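Asker: Mind having a look at this structure? Questions to follow.
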Amino acid sequence: MDFTLTEDQQSIREAVAALAAQFDDEYWLHKDTNHEFPREFYDAFARDGWLGICVPEEHGGTGLGITEASIMLEEISASGGGMNAASSLHGMIFGMHPVIKHGSPEMKARLLPQIVSGEMHVCFGITEPDAGLDTTATKTFAKLNEAGDEYTVNGRKVWISKALNSDKVLLLTRTTKVEDCQKKTDGMTLFLTDVKSPNIEIRPIPKMGREAVDSNELYIDDLKIPVEDRVGDEGQGFKYLLDGLNPERILIAAEALGLGRVALKKAVAYANERVVFGRPIGKNQGIAFPLADSRMRLDAAELILRKASWKYDQGINAGQEANAAKFLCSEAATEACDRAIQTHGGFGYAREYHVERYYKEARLLKLAPLPQEMVLNYMAEHVLGLPRSY
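Numbering (this note's numbering) for the sequence shown: 153 to 542.
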């Protein structure tokens, strides 16, 4: 079993780290405080071709695997950019899987090169306020006209990241009412269509952290969508979404790992420099032991993350490992960030030391893209074989 990164993977880590280092903690503090989208950061990564890391070469990408994408996003997060940095572009990576696999040749040729170049921003309209994690309870409805060339869509979406800064939305709808379906996962359809429309009202949601990337509610009223904007076949949208679930969990885990790493790095530096009672506070086991424990927990979480990405890239079912990686990396990261605050004492509560920002962003990852409890449900049912609990 070889744990060594390949030469290309190590080159990716070094190149991403070097580029991300151009955007320091003060940059991210400014963007977070002022609720400004990190356009300079986004443009720099788009300009160097990183948005297309998993997009096939024929559509302008580099066609690499989820392992390489996870290394990229870990380094971006570990630069201090955290979820503000990662969220500005990670959806362009895992979120395009349904389009890459199921979009028409015309759609892929028309849209993917623009997404890879950074010219076109995409957000994802999946979650609904009355459905939450129960995606099959989606109520947003798309009705096809008699001519068969246009849908009319009405509904509401919530927690839609980056909608204010996006051109397109990957929108999940029902095209058949759930009561008319044999299975509740049937009758759902995906569209990749314009989000800048007078028929879509975007309302920002005030929130706890990750303030450089907006989160929104979408109110959709008689939106017209041409049939050319449909991803794949009508009624297959839920199945198409499943193609992106494991990559999403793997990449979120990598971002959590990066946040834990940078928080630990800050804590160790402060523990070495801060002198109280005539000695560096890092000499105190009450400070040192929790940090040492966090290092081991982050290292252990990384192992399951690497296994998950390797299995996915080998075409092996990685559901167990992808879910475990999301759970363990977010747990280890949140704890490391909390310990970084504790190490800084009162200064840990001050924004200028940045660790409070890391904590708020890491805490998000115990909730999104699915809460820890749903991972436990998955493991209990699909790994242990226990009865379904919901």
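Glycine is no exception: its CB is placed at the ideal position from the N, C-alpha and C atoms. Small disclaimer: the values here were computed from a predicted structure and weren't measured.
Ignore the nearest five residues each way along the sequence and tell me which others in residue 169's own chain have a CB closer than 6 Å to its CB.
Answerer: 227
Asker: What are the complete alpha helix (DSSP H) segments, minimum 4 residues, inside the region 225-266?
Answerer: 234-241, 243-246, 249-254
Asker: Is residue 280 close to chain C, meaning its C-beta is less than 7 Å from at least one C-beta of that chain?
Answerer: Structure shown: chain C not included; a single protein chain is present.
Asker: With DSSP collapsed to three states, give me the class of residue 539.
Answerer: coil
Asker: I believe residue 323 touches residue 277 by the beta-carbon criterion, under 8 Å. Please report the beta-carbon distance rounded to the nearest angstrom.
Answerer: 4 Å
Asker: Among residues of its own chain, excluding the 5 on either side of residue 336, which ones have a beta-carbon nearer than 7 Å to its beta-carbon?
Answerer: Excluding residues within five positions, the ones whose Cβ falls inside 7 Å are 288, 330.
Asker: Touch check for the region 505-523 and the region 234-246: three-plus C-beta pairs under 8 Å?
Answerer: yes
Asker: Which whole runs of the beta strand (DSSP E) in the region 323-397 are 3 residues long or more, in chain order?
Answerer: 340-346, 352-356, 367-378
Asker: Would you mind working out which of 372, 504, 202, 410 sits nearest residue 517, comparing C-alpha positions?
Answerer: 410
Asker: Helix, strand or coil: how does DSSP classify residue 410 here?
Answerer: helix
Asker: Less than 8 Å between C-beta atoms, sequence neighbours within five positions excluded: which residues of the same chain meet that for residue 260?
Answerer: 211, 251, 252
Asker: Please list the terminal residues of the continuous alpha helix (DSSP H) segment that includes residue 199.
Answerer: 191-199
Asker: Terminal residues of the continuous beta strand (DSSP E) containing residue 296?
Answerer: Element bounds for residue 296: 293-296.
Asker: Who does residue 313 pair with in a DSSP beta bridge?
Answerer: 367
Asker: So what does DSSP say about residue 116, is it helix, strand or coil?
Answerer: Residue 116 cannot be examined here, being either before or after the span of the chain that is shown, 153 to 542.
Asker: Assuming residue 480 and residue 246 make a contact with CB atoms under 8 Å, what is their CB distance in whole Å?
Answerer: Not a contact, Cβ separation roughly 19 Å.
Asker: Put residue 306 into one of helix, strand or coil per three-state DSSP.
Answerer: strand
Asker: Check for me: the alpha helix (DSSP H) holding residue 439 runs from which residue to which?
Answerer: DSSP places residue 439 inside the alpha helix (DSSP H), whose first and last residues are 437-465.
Asker: So the candidates are 243, 257, 171, 214; which of them puts its Cα closest to the Cα of residue 232?
Answerer: 171
Asker: If I measure Cβ to Cβ from residue 380 and keep anything under 8 Å in the same chain, skipping five residues before and after, which residues do I get?
Answerer: 256, 258, 259
Asker: Return helix, strand or coil for residue 417, following the three-state DSSP convention.
Answerer: helix
Asker: Evaluate residue 222 with the Cβ neighbour count: other Cβ atoms within 10 Å of its Cβ, from every protein chain shown; 16 or more gives buried, anything less gives exposed.
Answerer: buried
Asker: Going by DSSP, name the residue or residues bridged to residue 432.
Answerer: 427
Asker: With C-beta atoms as the reference, is residue 318 less than 7 Å away from residue 347?
Answerer: yes
Asker: Going along the chain, which residues of its own chain have a beta-carbon closer than 8 Å to the beta-carbon of residue 296, five neighbours each way excluded?
Answerer: 302, 303, 327, 379, 386
Asker: Helix, strand or coil for residue 507, going by three-state DSSP, please let me know.
Answerer: Judged by DSSP in its simplified three-state form, residue 507 adopts helix.
Asker: For residue 523 and residue 308, I'd like the C-alpha separation in whole angstroms.
Answerer: 22 Å
Asker: Does the pairing of the region 367-379 with the region 193-212 give three or more beta-carbon distances under 8 Å?
Answerer: no
Asker: Beta-carbon within less than 8 Å of residue 462's beta-carbon, same chain only, minus the 5 sequence neighbours each way: which residues are those?
Answerer: Contacts found: 219.
Asker: Tell me the DSSP bridge mates of residue 321?
Answerer: 275, 345
Asker: Excluding sequence positions up to five away, which residues of its chain have a Cβ less than 8 Å from the Cβ of residue 189?
Answerer: 183, 240, 314, 316, 317, 364, 365, 366
Asker: Under a Cβ-count criterion, where at least 16 other Cβ atoms within 10 Å of its own Cβ denotes burial, should residue 541 be classed as buried or exposed?
Answerer: Exposed, since its Cβ has fewer than 16 Cβ neighbours within 10 Å.
Asker: Alpha helix (DSSP H) containing residue 207: first to last residue?
Answerer: Unbroken run through residue 207: none, as it is neither H nor E.
Asker: How would you call residue 421, buried or exposed, if buried means at least 16 neighbouring beta carbons within 10 angstroms?
Answerer: Exposed, by the Cβ-count rule.
Asker: Measuring alpha carbon to alpha carbon, tell me which of 359, 305, 383 ends up nearest residue 350.
Answerer: 305
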